[in-house]
Amino acid sequence: SGLNHYAISLQEDLNKKMLDGLLEFVKKSAASFWCRDDDWMSRMRASEIPTAALVLGVNMPDHTITFESMTELLHDSLTPFVASVQAKECTAMKQLMQKVLQRLMGTNVMVDEDEAEADLGFHTRDCPQKRVNCSLSALCDWYQSATKKSPVKSPRKRLSSSQSEFLQSPPVVVIFRDLEAFSPQVLQDFILVCSQYVHQLPLVFIFGIATSPSTIQRMLPHSVSSLLCIELFQSLSCTQHLATIIDKLFLTSKFHFKFSAKVLQVLVGIFLYHDFSVCNFIKGLQLSLLEHFHSQPLSVLCCHKQEALVHAQQLNDRDVERIQQLPSFMRYVEEQVPEEQVQLLTSSEHVKGVCQKLLKSLHKYHKNFYPALRCLHVLTSILPKYPLGKQIRELYVLCLEKKVWETQEYDSAMQLIRMLAKDELVTCLQKCVEILTFCKSKKLKKYTLYASTIKCINHLHHPYSSFNYSFQTLLEMKECRRTRRKTPYEILRNAVVDYIDNLVKTHLYPPESQPLYEVWYYSSSGTVRRHLNATPRTSIQTALSHPYCYLQNDSGIISSAAPDICIIYKLHLECGRLINLYDWLEAYATVATAAEGKDPSAIEGGKVDELKHARFIRAVSELEFLGFVKSTKQKTDHVARLTWGGC
Amino acid sequence: MPDQLEHLPRLTHLLPCREAQIKTLLLLLGEPEHYSYPSIFIYGHRASGKSHVTLTLLKELKMPHVVVNCVECVSLGLLFEHVLLSLFGSSHTSLPRGPSLSDFVRLYRQLCSEDPAKQTRYIVLDHAELLRDMSANLLPGFLRLQELVEDNVTVIFLSEIVWDKFRPNTGCFEPLLLHFPDYSKVELQQILAQDSCPSYSPELYSSYISILLGVFYSVCRDLRELRHLAALNFPKFCEPLEKGEAKESDAHKLWRNIEPHLKKAMQTVYLREVSSVQWEEQQQKEEKEVGELRGLSAYTHVELPYYSKFLLIAAYLASYNPARTDRRFFLKNHGRIKKTNFLKKHEKTSNHLLGPKPFPLDRLLAIFYSVVDSRVAPTASIFSQISSLVTLQLLTQVGHDDQLDSPKYKCAVSLGFVRAIASDDLHQHALRWTADHRTLHLRHHPVGSHPTSCCLWVRCGPRAAVWEPVCVQRRGIPRQPPALDQPQLCVDCAPAWHWLR
Chain U
1 SGLNHYAISL QEDLNKKMLD GLLEFVKKSA ASFWCRDDDW MSRMRASEIP
51 TAALVLGVNM PDHTITFESM TELLHDSLTP FVASVQAKEC TAMKQLMQKV
101 LQRLMGTNVM VDEDEAEADL GFHTRDCPQK RVNCSLSALC DWYQSATKKS
151 PVKSPRKRLS SSQSEFLQSP PVVVIFRDLE AFSPQVLQDF ILVCSQYVHQ
201 LPLVFIFGIA TSPSTIQRML PHSVSSLLCI ELFQSLSCTQ HLATIIDKLF
251 LTSKFHFKFS AKVLQVLVGI FLYHDFSVCN FIKGLQLSLL EHFHSQPLSV
301 LCCHKQEALV HAQQLNDRDV ERIQQLPSFM RYVEEQVPEE QVQLLTSSEH
351 VKGVCQKLLK SLHKYHKNFY PALRCLHVLT SILPKYPLGK QIRELYVLCL
401 EKKVWETQEY DSAMQLIRML AKDELVTCLQ KCVEILTFCK SKKLKKYTLY
451 ASTIKCINHL HHPYSSFNYS FQTLLEMKEC RRTRRKTPYE ILRNAVVDYI
501 DNLVKTHLYP PESQPLYEVW YYSSSGTVRR HLNATPRTSI QTALSHPYCY
551 LQNDSGIISS AAPDICIIYK LHLECGRLIN LYDWLEAYAT VATAAEGKDP
601 SAIEGGKVDE LKHARFIRAV SELEFLGFVK STKQKTDHVA RLTWGGC
Chain E
1 MPDQLEHLPR LTHLLPCREA QIKTLLLLLG EPEHYSYPSI FIYGHRASGK
51 SHVTLTLLKE LKMPHVVVNC VECVSLGLLF EHVLLSLFGS SHTSLPRGPS
101 LSDFVRLYRQ LCSEDPAKQT RYIVLDHAEL LRDMSANLLP GFLRLQELVE
151 DNVTVIFLSE IVWDKFRPNT GCFEPLLLHF PDYSKVELQQ ILAQDSCPSY
201 SPELYSSYIS ILLGVFYSVC RDLRELRHLA ALNFPKFCEP LEKGEAKESD
251 AHKLWRNIEP HLKKAMQTVY LREVSSVQWE EQQQKEEKEV GELRGLSAYT
301 HVELPYYSKF LLIAAYLASY NPARTDRRFF LKNHGRIKKT NFLKKHEKTS
351 NHLLGPKPFP LDRLLAIFYS VVDSRVAPTA SIFSQISSLV TLQLLTQVGH
401 DDQLDSPKYK CAVSLGFVRA IASDDLHQHA LRWTADHRTL HLRHHPVGSH
451 PTSCCLWVRC GPRAAVWEPV CVQRRGIPRQ PPALDQPQLC VDCAPAWHWL
501 R
C-alpha cells in the first residue's frame, strides 16, 4: 500500500535538513583543502582534519537508514570516495585500515599474516596484481592515480552523461558509524596516522554519535582531538520524529487504515519505553497492515471511496454474512425500525446498499474528525498542566477510546479555556482557522463552521481594537468584572467555547460508534504485542509447564504423556537452590513409571532402569542448556538452580 | 674543532634553541664512513623538536636514511618492507608472508652484500613505544641491528616515553640516551617570533607572541598548538590597527583588546570545544550578532527510553550501594537493623570516592523491578536495552568468562549524569536509595525522611530544620518545598552537595 512507501519516504525527508548541512560542510572543507594557498595564515595554522560530529540519538536501529541515505547522497553529489565503518568490524587498527582501504579502493587489501593466508589461493588466481599494501601511503598513491584520470566518474552514474559533476579532487570521506563502540586506542592511532597525510589526501571524517558530543572528549585525549576540526550536527529528536510520523500517517483522512486506541498505545509504548526507534515503529505498522488485510476479509472495503463502493457492490454472500455479524453493524441494526431490521437481516442486496451508504458516512466522519481533533488540540495544548495531553497523539488516543467530552479532564480543559486571555485565544483561533481552511474539501456544513469561526475572530478583534485606546478603559473593564457584569469579550469567549464544545460533540465521536468501523480499524493489540515485544522467558516457562499450548495435539498423533523435560522442570520447581541429582532421578523415575501406567512402587530395589536413567540425563542437560540449572562445585552430586520461585 | 661540527652554525640557524642537542647528535653520528653507535634513543615531550631535529640533520648532511612511523605499521611486514624499500630501493623484495625479524635480517644481509654501505645508514623509528606491543624480539633485534646484519647501520628511536619503560629484559643492548628538554618560555618566544606575518613588523608580532604566551604558557607548552593559536588569533589582534584605532606602538591598547579574547580562546578553541573554523567565522562577525557558540561539552544531555533510564538508575544503585543493603532498601518488611553498626567501618568512606563495583545481571534486574513503579514484563526488549546501554558505553561489561550464565556489569556514568536523567521526569524518586551513609543517617531523622523526596532534599533536611535547604538559600534560588506527589531534584546546587559531603 501507499502508506508503507509514504512512511519510508517521510523518514528520509526528516533527515534531509541535517544531511544538507552535512553535505555543505563536506563541500566546504573539500574546497578549503584545495585553495589552501601560500598565505601566511594557512601556512601557520596546524592542518586539522575536518570532522563532522553527527548526534543521532540513542535509537541505534534507525541509524542505518540515515547512514545509507547519507552515503548515497555523498556518492551522488560530491565524491565517489566514501568508506563507512562499524566498530564491530574494527577491533584493531589493522582491520580498520583494511576496511577503510577496501571500501575506498574497491579492491582486496593485503594485510599479510593469518587471515590473508586463508584466502590466498583464490585471490591470487583472481587478481594478483590488485593486492595493495595496507597503508595510507598506498591509499595516497591510489588517490593520485585515481584523480588524475579526470574527470572522476561516479561509479553509480557511469552511464549518465553528467560526468564532470565532482570537484577536480573529491574529498575522501570516512564514516565512523558508532563512535562509542570503537576502541579509543584504535581511533586515536588512526587519527594520528591520518593527520600525517592530511596534506596529500583531502580527508573528511564523520562521527556518528548516539549519546552526546562530549563522548569525543572522553575518548580522545587532547593531543589527538587537537588534530581534528570538529563541527556539530544534530538530528531531530526521535520524539519529534514520531510525532511527525503519527501526524502524517494517522491524523489524516488520506490513508484509510487506522489503529485502534489499544494498538496505538502498544506501539507508542514500545517506542517510548523501550527503543526510541522509528524504524521499529514502522515495522510495527507494517506488521499490523499485514495482519489486518490477512485476517479481516472485509478489509477489501478499506480503500478509496470509489473503489470501496465498487467492492461493496461485488460482495459475495459470505462477506455479506460477515458484515451482518460485525458488532458495529448489529448495533446499527438494532437502532432501526422493525421493518428495516428484517430487511437488513434477510436481503443481501439491501445490505449492500446500506453498506455503501455506511461507507460513505464513514469517509465523511473521518474527514471531519481530524480537523476537529486538531482544533481541540490547538486550544488545549497551551493550557497549564495539559489536561488533555501535550502531544496530539495523547488526545487522539483519548478520543479513540471514549467520548472525550464525558471525561473530567475535558471539563477542566474547557473551564481553563474560558479563562484564557484575549491574545492567547485569538492566536489559537487563528491557528484553528488555518487548519480548517487547509481542509478545503469540506462540505457546506464545514464551511459555515469556518465562517462562523472567522466571524468570532472578527468580533473579537473589533472590540479589542477599541479597548486598546487607553489603559484607562482596561481598568474600567476590570472594574466591570468585579461587579460581575460580563464584558463583551467574555460574552464572546463563552460563545466561542460553546461553539468549540459543540464542534467536539458533533465530530469527535469515538470510531466504535460508527457502523462498519472494523473495516478500517485494526484492533488486535495482543497480536502486535506478542510479535513485537516478545517475552522469551515466559514462553519457555509456558512451554515447560503447559506443553500442550505449543504441541496443539488435536490429531492425537503425539503421545499425551508429558515430555521428559517438562516432568524434570516441574520437579525442579519444588527444590531449593541446590538440587540433589539422585533424589531428582528417583522422583523422575516414579513419575515416569506412573505415566506408563505401571505401579510406581514396583521399581525393584530402588533400581532405576537404564533407559529411564538415560532419558533423565538427557532432560537434565536440556534444562541446563536452557539456563535453568548449572553444575556446581559446592556440593557433590548437586546442581544449582538459576531461577527463583516454586510452583 | 672536529670536522663534523663544521655544519653546526648552519644547523643551529635552521633549528633555533636546540644547539646542545644538535652538537651531541653530530658528535654521535661522526664521520659518514665510520661506523656509528648501533642505537640511539631520543626522548622528550610532544613538540620538543625530536623528529624535526633528527630529520633536518639527516637531510642536511645528506645521509642515507629511512623514517618509519610506527603508528602506521599495522603489521611487521609493512615495517620491514618500508625499510628495505627505502634503503635499497629494490623492487624485488621478496619478504615471505607474515615475516619475522630473522626473515628481515636475512634479506637485509642479502641485499647489503650486493650493495655494501659506503656511509652509515640510519633507520629512524618514530613513536617507538609502539614497538613494544608488536613482537617480543623486535625491540632487542633493532637495538642490535648493526651486529645482526654486519653493516654500517644505526637505528634511532624517537619516543615520548623514557627508556626505563622500554627495557625489554636483561641482556639487551643499551642504546645511547639523549633527552630533548621542553622549550623554556624564552625559547618558545624566540621560535614563535620567527614566523612573523609579512604585512606587519617583526617587533609587533614579537610583542603579540609575548602576550599570547602570557595567557597560554601556564596551560600549554606545545609549540605546534601555540603556533596554531597564534595564527588563529592574530587577525583579532590586528583589528584595531586595520581600523586605524591604534598604532603599532600603542602596546597597552592592543593588549587590552586582545587579552579577554585570548582568555576566551583558552576555554573554547584550545580545548577544541569549538572548531578552529567556527572560531574564525565567529571572529569575522560583529560582536552583537554572534550568538553564544556552545561548545561540545555543553551538550551532555542524553535522551533515553523510559525503561533504559530506570535500568541505568538501577545499575547506578547496584554499583554504588553495598549488596548487603539491598534488602533494607528494596524490601517492604526488612528486618530491623540497628543503625549504629549498620554500615561496616570500611563502608563509611563515601562509595562515590571508591568508584563503581561490578554487579551481576540478576541483581540489576531485581533492583530494576523494585525501582520501577509499574509491573514490567521481562520482555526481550528489556534485555536488549541492557546490551544497548553497553554499546553506548553507559554500562560496561566486566569479565568475559561465563557470559551466558551470569554476566557482570559496572555502571560507567557519574552521579551527575544519573541525576540529570532522573530529573527528566519523575524518575528521581528512584534515586532515593543512594546508600551514602550520611543519607542513611538522615533518612532516620524525622524531618529528613520525606517519603517521596529525592536524596538531596533529604540531605538538606536536618541541617535546615525545615524544608528550606541551606544550599538553595545560599544561592538565592527561590524554590518551593517539594509537594508530596511532585518531588523535585534540585539539580543546580552542586557546591552545596560538596559542602554537605
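For the protein sequence lines, the chains are U and E, in the order given.
So for the first sequence, the UniProt record's numbering puts the first residue at 1; every next one is plus one.
So for the second sequence, the UniProt record's numbering puts the first residue at 1; every next one is plus one.
All C-beta atoms, glycine included, are put in the ideal place defined by N, C-alpha and C.
* To do: Compare the C-beta of E/Ser381 against all C-beta atoms of chain U and say whether one is closer than 9 Å.
  => It does; some Cβ of chain U falls within 9 Å.
* Counting only the same chain and skipping the five closest in sequence on each side, list residues whose C-beta sits under 7 Å from that of U/Ala308. => Same-chain partners within the cutoff: Leu301 and Leu359.
* Establish whether the CB of U/His531 and some CB of chain E are separated by less than 9 Å. => Residue-level contact check: U/His531 does not touch chain E, since none of the beta carbons of chain E fall below 9 Å from its beta carbon.
* Residues from the region 59-70 of chain E in contact with chain U, defined by Cβ distance under 7 Å -> For the region 59-70 of chain E, the set of residues with a beta-carbon nearer than 7 Å to any beta-carbon of chain U comprises Asn69, in chain order.
* chain B beta carbons: is any one of them nearer than 9 Å to that of E/Val162? -> Of the protein chains in this structure, namely U and E, none is chain B.
* Asked: Going along the chain, which residues of its own chain have a beta-carbon closer than 7 Å to the beta-carbon of U/Leu344, five neighbours each way excluded?
  -> A distance below 7 Å between beta-carbons, with the five flanking residues on each side excluded, links U/Leu344 to the following residues of its chain, in chain order: Val333, Gln336, His350, Val351 and Val354.
* If you run the structure through DSSP and keep just helix, strand and coil, what is U/His531? -> Shown here, U/His531 sits in a helix according to DSSP, grouped into three states.
* Strand pairing of residue 513 of chain E, partner residues [DSSP] -> Absent from the structure is residue 513 of chain E, since the part of chain E shown begins at 1 and ends at 501.
* For the alpha helix (DSSP H) holding U/Val193, just list the boundary residues, first then last. => Looking at the DSSP string, the run of the alpha helix (DSSP H) that includes U/Val193 is Pro184 to Gln196.
* Asked: Taking 9 Å as the CB-CB cut-off, is U/Asn133 touching chain E?
  -> Taking Cβ atoms only, chain E reaches closer than 9 Å to U/Asn133, which makes this a yes.
* **Neighbouring residues, chain E, relative to U/Val193 (Cβ below 8 Å)** => The contacting residues are Asn69, Val71 and Glu72.
* Looking only at its own chain, which residues have a Cβ that is under 7 Å from the Cβ of U/Glu48, when we skip the five neighbours before and after it? -> The beta carbon of U/Glu48 lies closer than 7 Å to those of Leu227, Leu228 and Cys229 in the same chain, with the five residues before and after it left out.
* Under 7 Å between beta-carbons, which chain U residues line up against E/Pro198? List them in chain order, please. => Going along chain U in sequence order, the residues near E/Pro198 (Cβ under 7 Å) are Trp40.
* Neighbourhood of U/Val639 by C-beta, 7 Å cutoff - its chain only, sequence neighbours within 5 removed -> The beta carbon of U/Val639 sits closer than 7 Å to those of Ile579, Leu581, Val629, Lys630, Ser631 and Thr632, all from its chain and outside the five residues before and after it, given in chain order.
* Asked: Could you give the residue range of the alpha helix (DSSP H) that holds U/Tyr582?
  -> In the DSSP assignment, U/Tyr582 falls within the unbroken alpha helix (DSSP H) covering Leu581 to Ala595.
* Counterpart residues of E/Ser159 in DSSP-defined beta bridges -> As a beta-bridge residue in DSSP terms, E/Ser159 pairs with E/Tyr43.
* Tell me, which residues are paired with E/Gly171 by DSSP? -> DSSP lists no partner for E/Gly171.
* Beta carbon of U/Cys575, beta carbon of U/Arg618: below 9 Å? -> Contact flag unset, no.
* Report back the beta-carbon spacing between E/Val71 and E/Leu107 to the nearest angstrom; my notes put them in contact at under 8 Å. => Contact check for E/Val71 and E/Leu107: beta-carbon distance about 24 Å, past the 8 Å limit, so the pair fails to qualify.
* To do: Determine the direct distance from the alpha carbon of U/Leu136 to that of U/His5, and round the result to whole angstroms.
  => Approximately 42 Å between the Cα atoms of the pair.
* Asked: Residues in the region 55-83 of chain U with C-beta within 9 Å of chain E's C-beta atoms, listed in sequence order?
  -> Cβ contacts with chain E: Val55, Gly57, Val58, Asn59 and Met60.
* State the Cα-Cα distance for the pair E/Lys165 and E/His179, rounded to the nearest angstrom. => For the pair E/Lys165 and E/His179, the Cα-to-Cα distance works out to about 15 Å.
* **When U/Val608, U/His572, U/Ala594 and U/Ile565 are compared against U/Glu586, the one with the closest alpha-carbon** => Nearest Cα to U/Glu586 within the set U/Val608, U/His572, U/Ala594 and U/Ile565: U/Val608.
* Asked: Which two residues bound the contiguous alpha helix (DSSP H) that contains U/Thr632?
  -> Judged by DSSP secondary structure, U/Thr632 falls outside any alpha helix (DSSP H); it is assigned neither H nor E.
* To do: Spatial neighbours of U/Asp317 within its chain, please: CB distance less than 8 Å, with the 5 preceding and 5 following residues excluded, ordered by chain position.
  => Same-chain partners within the cutoff: Ser348.
* Asked: Would you say E/Tyr183 reaches chain U, if we count a Cβ-Cβ gap shorter than 9 Å as a contact?
  -> E/Tyr183 does not count as touching chain U.
* To do: Assuming E/Asp182 contacts E/Arg221 (C-beta within less than 8 Å), just tell me the rounded distance between them.
  => Rounded, the Cβ-Cβ distance is 6 Å, consistent with contact.
* Asked: Roughly how many angstroms separate the alpha carbons of U/Ser9 and U/Leu22, rounded to a whole number?
  -> Going from the Cα of U/Ser9 to the Cα of U/Leu22 covers about 19 Å.
* Within chain U, the residues that E/Arg363 reaches when beta carbons sit closer than 7 Å -> Under a criterion of Cβ atoms nearer than 7 Å, no residue of chain U is adjacent to E/Arg363; the nearest Cβ is some 13 Å distant.
* Asked: For E/Phe234, which beta-bridge partners are listed by DSSP?
  -> Here E/Phe234 is not bridged, per DSSP, to any residue.
* Test: U/Pro213 CB closer than 9 Å to a CB of chain E -> The beta carbon of U/Pro213 falls within 9 Å of a beta carbon belonging to chain E, placing the residue at that interface.
* To do: Measure from the C-beta of E/Pro140 to each C-beta in chain U and report whether the shortest distance is under 9 Å.
  => Interface annotation, E/Pro140: not in contact with chain U, CB-CB separation never under 9 Å.
* Asked: With burial defined as no fewer than 16 other Cβ atoms inside 10 Å of the residue's Cβ, what is the status of E/Ile209: buried or exposed?
  -> That one is buried.
* Asked: Can you list, in chain order, the residues of its chain whose CB lies under 8 Å from that of E/Gly77, leaving out five sequence neighbours each side?
  -> If we look at E/Gly77 and ignore the five residues flanking it on each side, its Cβ neighbours are Leu95, Arg97, Gly98 and Pro99.
* Asked: Per DSSP, what kind of secondary structure is U/Thr51 in: helix, strand or coil?
  -> In the structure shown, the three-state DSSP call for U/Thr51 is strand.
* Kindly indicate the opening and closing residues of the alpha helix (DSSP H) around U/Val174. => Looking at the DSSP string, U/Val174 is not in any alpha helix (DSSP H); the run it does join, the beta strand (DSSP E), is Val172 to Phe176.
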